[in-house]
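Colleague: Quick one: the structure is below, questions incoming.
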Amino acid sequence: MNSTDKPRLSRTHALDLLKQMIRIRRFEDKCAELYTQEKIRGFLHLYDGEEAVAVGVIPVLEKYDRIVATYREHGHALVRGVSMRAALAEMYGKQEGCSHGRGGSMHLFDKATNFYGGNAIVGGGLPLAVGLALADHMRQKPVVTACFFGEGAVAEGEFHESLNLAALWSLPVLFVCENNLYAMGTALAISESETNIQLKAASYRIASEAVDGMDVVAVEAAARRAMHAVRETGKPYFLECRTYRLRAHSMFDAQLYRDKAEVEAWRHKEPIVRFQGWLETNHMAHPDDMVRIEAEVAAEIADAVAFAEAGTWEPIEQLTRFTYAEKAA
Amino acid sequence: MNSTDKPRLSRTHALDLLKQMIRIRRFEDKCAELYTQEKIRGFLHLYDGEEAVAVGVIPVLEKYDRIVATYREHGHALVRGVSMRAALAEMYGKQEGCSHGRGGSMHLFDKATNFYGGNAIVGGGLPLAVGLALADHMRQKPVVTACFFGEGAVAEGEFHESLNLAALWSLPVLFVCENNLYAMGTALAISESETNIQLKAASYRIASEAVDGMDVVAVEAAARRAMHAVRETGKPYFLECRTYRLRAHSMFDAQLYRDKAEVEAWRHKEPIVRFQGWLETNHMAHPDDMVRIEAEVAAEIADAVAFAEAGTWEPIEQLTRFTYAEKAA
Amino acid sequence: MATEAIQSQAVETTYRDAVREAIRDAMRRDERVFLMGEDVGRYGGCYAVSKGLQAEFGPERIRDTPLSESGFTGAGIGAAMAGMRPIVELMTVNFSLLALDQILNTAATVRHMSGNQFGVPLVIRLATGAGRQLAAQHSHSLEGWYAHIPGIKVLAPATLEDARGMLWTALEDPDPVLIFENVMLYNATGKLASNAGPVEIDKAAVRRPGRDISLITYGGSLGKTLEAATVLATQNIDAEVIDLRSLRPLDDATIIASVKKTRRAIIVDEGWRTGSLAAEISARLIEHVFWDLDAPIGRVCSAEVPIPYSRHLENAATPQVVNIVAAAKAAVVRT
Amino acid sequence: MATEAIQSQAVETTYRDAVREAIRDAMRRDERVFLMGEDVGRYGGCYAVSKGLQAEFGPERIRDTPLSESGFTGAGIGAAMAGMRPIVELMTVNFSLLALDQILNTAATVRHMSGNQFGVPLVIRLATGAGRQLAAQHSHSLEGWYAHIPGIKVLAPATLEDARGMLWTALEDPDPVLIFENVMLYNATGKLASNAGPVEIDKAAVRRPGRDISLITYGGSLGKTLEAATVLATQNIDAEVIDLRSLRPLDDATIIASVKKTRRAIIVDEGWRTGSLAAEISARLIEHVFWDLDAPIGRVCSAEVPIPYSRHLENAATPQVVNIVAAAKAAVVRT
Ligand SMILES: Cc1ncc(C[n+]2csc(CCOP(=O)(O)OP(=O)(O)O)c2C)c(N)n1
Ligand SMILES: Cc1ncc(C[n+]2csc(CCOP(=O)(O)OP(=O)(O)O)c2C)c(N)n1
Ligand SMILES: [Mg+2]
Ligand SMILES: [Mg+2]
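Sequences listed follow chains A, B, C and D, in order. Heads up: the first sequence is residues 474 to 802, going by the numbering used here. Heads up: the second sequence is residues 474 to 802, going by the numbering used here. Heads up: the third sequence is residues 77 to 411, going by the numbering used here. Heads up: the fourth sequence is residues 77 to 411, going by the numbering used here.
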């Protein structure tokens, strides 16, 4: 273990990690509420229980690094610095949204933060990440592309093709598998003959690590090791984060495939309560810290809602815009 | 090693293995000649150098087992018992061909021998094999499906999806990878980050073995072990046969990607000469055996050519037949 | 069938339940039939179509698959070639693109390539269509596009009778049949004969007879088109509404007979306009009834844009009643 | 462009060499350009198009890929989004089905889904077409089918000038462009201006002016269609031959102007008839010039069958000069 492996767990940093997780959680609770009010439509996939993954990994990246995410990407967008205003306005379908209202919850994009979006095709983001990294590799840029995907994507042919290409061409991709044990209602054991996902990296000669995805500090430490390896070697790295989705897959899911007891058991390992408790017992988080964090987050959310509400609908005359680039006049 | 592992190498059996290899070689030499005469058109992929694989594996299968092959399948068809007449007539495009002249060299099919054909999409046959085995599994039939494919197919997503499905559902598929080191002009190292193909089976929890594909006895022994395992467990098995393509990929290949020396080196390991020499030194093949074999093969080929030449063209009025089943009148 | 149904004792049901009943019925009739796809079992189907079926038929016959569209579609093809009668559910047409090689290069070609030795009696079910604000990757209407492929058949059940009746007939077909279920229809309710069963899948249906113009459509657009016909009636335009039912093959006879009578036609199709099935029908009409036409054939299709998320733009991108009415009026007044 | 070319000093060349020259030229003009695909490097390209290029530009920029169509097509999309100008060679359209999800769900949608923040300046080259007796899985003509997809552009170079000139223009396009090269054209020889360079890709070209009927075609069928026009001339039918060049978007203006003049049209398209690009053009003509037509619009397309191996059946399945002549005569005599 060299220095880059040790989490610099200063109090400020710790509180920041905690705040980011709380920020995602409260934001998505609000989104769920807004969904029932039909302010948000389409599919809405919440990250509830998995916050430690995005919060542990993304701050380790540099501004110039790139991120590819899935349709369950609100948390990733927020941690990366996509404004909550633009993200929520997008879910409202307003043209002030980060994707101009064209994408919705599953397609948050933000060029300013190199956020290459929400992809709603499972596994579809992996080849894209390989290509982003290929471009950087060919231009010898020290840029890393972090690619997030669920364990369900591991069964897709594109997973296989992408890992092989990244390793074969030695491309700087950090593959982050968010293993929450279910793909919609399909448990890992019903999807994979080998349920130890991390092992799969070996057949592509890709270095890998599996980490407790409910422990933000552990995730951050693993992410540091991973990013260090990618930057040192220019080669891909595979990070499996073992986590759990506490809510339904989407707002349409009756959760017939798992029993409440299982969900309850996981609730106890829930990343926010767990980390907060640990910080409190170690006197790194005080009650007033919590009050401040909750207040700041609540204010940011209120502001985002106001912004989204005030947002405008794109004129119907512009319907076919963005199908092709507008000709430079 | 139990009895099923030991090749029963009686003289008759040995000579039969040798004859089958010679039969394929001479037949394909004739095909190449007929191609230059434009009797055979389209793509023609020869098996020259790889004969020990089909000859070692296919006789181990039962009549009721199923076979899925690639566009390089002349040898597999002949060993399986597809008549040389029907195979050659097919390459001529005559309606007496085993696929009624619709398929050509890349699409030899034969229901009578459960030969599910030549597939010209690399990797395309693997899901098919999984499905054939699924049908047998669901009906508890003791049938095994042998699926042949080249090492180039390993990079395809369908390889990954198929191996996982076969293992996950525990289906009786014998995956036979014909690793001839090249996919057209692409050497294995340019195609795979992990060039030890056999290792890949492990990440699906599939039992596997790699064998010298130039040694027909070794291939047969390995095939016996493999088939025994599949029948015992009902699970898939992965057999990598390490071999080499001595001729061009197809008749259009200038072979810019490998030097003659390499090909020459492999010619010395060539399965027919090697096995024949071994049989001769061990007094299992005598000069008159060879004379007989060559004579029988030559006669069969001459007969097949006559048959194909005498074959007829399907009337153009029947063009759209076989697009859909004909309605039973 | 539909009419019979209405005569016999009818029960209130939904399109979703009708599809489920069709699957259950097929599973009971023939043990070679099984359903396989993502989340068809424990989850109950992403649109709850197969809910409860795994409990009745078990995990082998209501088979949950990994996310391997090409793999399990190919497996369905192989199982069909080996004598089973698989129903592969590709969840939605959007994901079927991952399986297109297996569908076009194998399912559609095996009978031909093998000189008729092997066939692929496979049924593939796919949800299709826009309207749920699922944006650019989840709102495709590609059924008309699939109808380009020789070797497969393409069905689009628009009614409860067809949702209930097409599956079994498709399963009895010796060749691959794709059944597209429009996502906006699953909650559609209506009366279905308690004894509703298999229906033929070769003919288009005249859902509303009329004299002045033929409105030709299918699947998710049938309802909108019938609505449009009602509006047109109030303006003394008597529209005939044709439900294609089968997109491949097309029932030319019914289409031609209708247009020969009305001398005008509009085709309503949720696919993107360019290269739409509507274009094919228009071209065929020109080839067959050119001299009988009193007006150009019109098309009401989706705009040439990936479907946007926001509701107002999604609606603007897809055929609506007003567009159909406008197109029909234009065709009628034009002469 | 073509005409200019003929004026300047011309050298004998082949379509294959023209494509190679276009790639070499692009690689020299812009270091962001690279070619990636199966066997483009060491093998020299399955149709020898890229022969020699790896020696000149090295294995990084003339990049051999594994058999991973979806993977490397997606990689091309990503590289394009990150500022490169990749040319992805999908060897043949037959294998592109494995990459269709990346093409339709990503390349064609990213600009839209991202509200115009990201674009995909990617060029995909594909060999297309029948005629080499490669049978049902290797003889597809799907360029017209691809033209259904909003968000991409589709080109079909039929001449040496276009084979040489379209690539660079496509690379400068901010959106994904698919270039379909007909396999029967690679050996085509002719004179090409020594200074031949980029050509515009927006307009259809009138390859032969005529008064009596418009023969509309593209790519591999242009030669056959011009031949047919010559035959027709001997029978006093003066055919105008239009080369679409761009299949998406279609140059309606040129097509409409021609048919308004000739009042008759036949579309020649190697795609399967149902749902062919020919159907789209027919439908558009009806929408725009219905009242100017003196005869129904005819289509000469491929038969609705997977392409058979045997030569006589393959020929019978695909458009031939005699079919074009017959269709044209039928349209002219019909009135
Ligand atoms: C190619 C494809 N197939 C199916 C779907 C439907 N679908 C959406 S999410 C999902 C489950 C994905 O599970 P996983 O990859 O584990 O991610 P998670 O939702 O658990 O975060 C499925 C099947 C899809 N979007 N894309
Ligand atoms: C999906 C697909 N991509 C590309 C091709 C073109 N192609 C035909 S054979 C071949 C090489 C396959 O190599 P391998 O799998 O090792 O089999 P081998 O020819 O060596 O027996 C390629 C690239 C194809 N037929 N299918
Ligand atoms: Mg998951
Ligand atoms: Mg090989």
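From the three backbone atoms N, C-alpha and C, an ideal C-beta is built for every residue, glycine too.
My output table needs one value for E799 (chain A): the three-state DSSP class, helix, strand or coil.
Modeller: coil
Colleague: Flag this pair as yes or no: are the beta carbons of P600 (chain B) and Q178 (chain C) separated by less than 8 Å?
Modeller: yes
Colleague: Under 7 Å from any heavy atom of ligand 3, does the C-beta of Y520 (chain A) make it?
Modeller: no
Colleague: Could you give the DSSP three-state label for W367 (chain D): helix, strand or coil?
Modeller: helix
Colleague: Using beta carbons (cut-off 8 Å, strictly below), is T350 (chain D) in contact with chain C?
Modeller: yes
Colleague: Beta carbon of N637 (chain B): closer than 7 Å to some heavy atom of ligand 3?
Modeller: N637 (chain B) has its CB no nearer than 7 Å to any heavy atom of ligand 3.
Colleague: Can you find a CB in chain C that lies within less than 8 Å of the CB of T185 (chain D)?
Modeller: yes
Colleague: When you measure from the CB of R715 (chain B) to every non-hydrogen atom of ligand 2, does any distance come out below 7 Å?
Modeller: no
Colleague: Per DSSP, what kind of secondary structure is A81 (chain C) in: helix, strand or coil?
Modeller: In this prediction, A81 (chain C) has a pLDDT of 46, which is less than 50 and means its spatial position is unreliable; what the coordinates show is noted afterwards. If DSSP states are grouped into helix, strand and coil, A81 (chain C) belongs with the helices.
Colleague: Output, in chain order, the set of chain D residues within a Cβ distance shorter than 8 Å of P760 (chain A).
Modeller: Residues of chain D passing the Cβ test: none, with the nearest at roughly 42 Å.
Colleague: For M657 (chain B), name the three-state secondary structure that DSSP assigns.
Modeller: coil
Colleague: By alpha-carbon positions, which one of B:R704, B:P788 and B:Y508 ends up nearest to H610 (chain B)?
Modeller: B:R704
Colleague: Within the present structure, is the beta-carbon of A656 (chain A) separated from the nearest heavy atom of ligand 3 by less than 7 Å?
Modeller: yes
Colleague: Can you round the beta-carbon distance between I400 (chain C) and K300 (chain C) to whole angstroms, since I take them to be within the 8 Å contact cut?
Modeller: 6 Å
Colleague: Would you say Y544 (chain B) reaches chain C, if we count a Cβ-Cβ gap shorter than 8 Å as a contact?
Modeller: So no, Y544 (chain B) is outside the interface.
Colleague: Quick check on V409 (chain C) - is its C-beta less than 8 Å from some C-beta in chain D?
Modeller: No, V409 (chain C) lies away from the interface with chain D (no Cβ there is under 8 Å from its Cβ).
Colleague: To the nearest whole angstrom, what separates the beta carbons of N587 (chain B) and G623 (chain B), a pair I think is in contact under 8 Å?
Modeller: Incorrect: roughly 21 Å between the Cβ atoms, too far for contact.
Colleague: Say the cut is 7 Å; is the CB of N653 (chain A) nearer than that to a heavy atom of ligand 1?
Modeller: yes
Colleague: Which residues share a DSSP beta bridge with V199 (chain D)?
Modeller: D:I163 and D:V253
Colleague: Ligand 4 and E631 (chain B): does the residue's C-beta get closer than 7 Å to at least one heavy atom of that ligand?
Modeller: no
Colleague: Determine which residues share a DSSP beta bridge with M112 (chain C) and list them.
Modeller: The partner list for M112 (chain C) (beta bridge, DSSP) reads C:R139 and C:V164.
Colleague: Quick check on the burial criterion: 16 or more other C-beta atoms within 10 angstroms. Buried or exposed for S426 (chain A)?
Modeller: A question about residue 426 (chain A) goes unanswered here, because the residues of chain A that appear run from 474 up to 802.
Colleague: Between the region 254-269 of chain C and chain B, which residues of the former have CB atoms less than 8 Å from a CB of the latter, in chain order?
Modeller: none
Colleague: Looking at the secondary structure, which residues open and close the beta strand (DSSP E) in which A158 (chain C) lies?
Modeller: Taken as a continuous stretch (DSSP letters only), A158 (chain C) belongs to no beta strand (DSSP E), as it is neither H nor E.
Colleague: Do E524 (chain A) and R558 (chain A) have their CB atoms nearer than 8 Å?
Modeller: no
Colleague: Tell me, please, whether the CB atom of R375 (chain C) is closer than 8 Å to any CB atom in chain A?
Modeller: Output row for R375 (chain C): interface = no.
Colleague: If the cut is a Cβ gap below 7 Å, which residues of chain C does D609 (chain B) touch?
Modeller: Contacts between D609 (chain B) and chain C, judged by CB atoms closer than 7 Å, involve A158 in chain order.
Colleague: Can you tell me whether P274 (chain C) is helix, strand or coil according to DSSP?
Modeller: coil
Colleague: Scan the region 285-324 of chain D and note each continuous beta strand (DSSP E) run of 3 residues or more that stays entirely inside, going in chain order.
Modeller: 289-293, 315-319 and 322-324
Colleague: Does any C-beta atom of chain B lie closer than 8 Å to the C-beta of Y119 (chain D)?
Modeller: yes
Colleague: Is the beta carbon of I342 (chain D) sitting closer than 8 Å to the one on L291 (chain D)?
Modeller: In this structure, I342 (chain D) lies near L291 (chain D), with their beta-carbon atoms less than 8 Å apart.
Colleague: Residues in its own chain within less than 6 Å of Y544 (chain B) by CB, not counting five upstream and five downstream?
Modeller: These residues qualify, in order along the chain: H518, M579, G591 and A593.
Colleague: If the cut is a Cβ gap below 9 Å, which residues of chain B does E634 (chain A) touch?
Modeller: A628, E629, G630 and H633
Colleague: Identify whether R104 (chain C) lies in helix, strand or coil by the three-state DSSP scheme.
Modeller: The answer is helix: DSSP assigns R104 (chain C) an H, G or I state.
Colleague: Using beta-carbon positions only, say whether A775 (chain B) and A562 (chain B) come within less than 8 Å of one another.
Modeller: no
Colleague: Alpha carbons only, please: which of D:N391, D:L198 and D:P384 is nearest the one belonging to A158 (chain D)?
Modeller: D:L198
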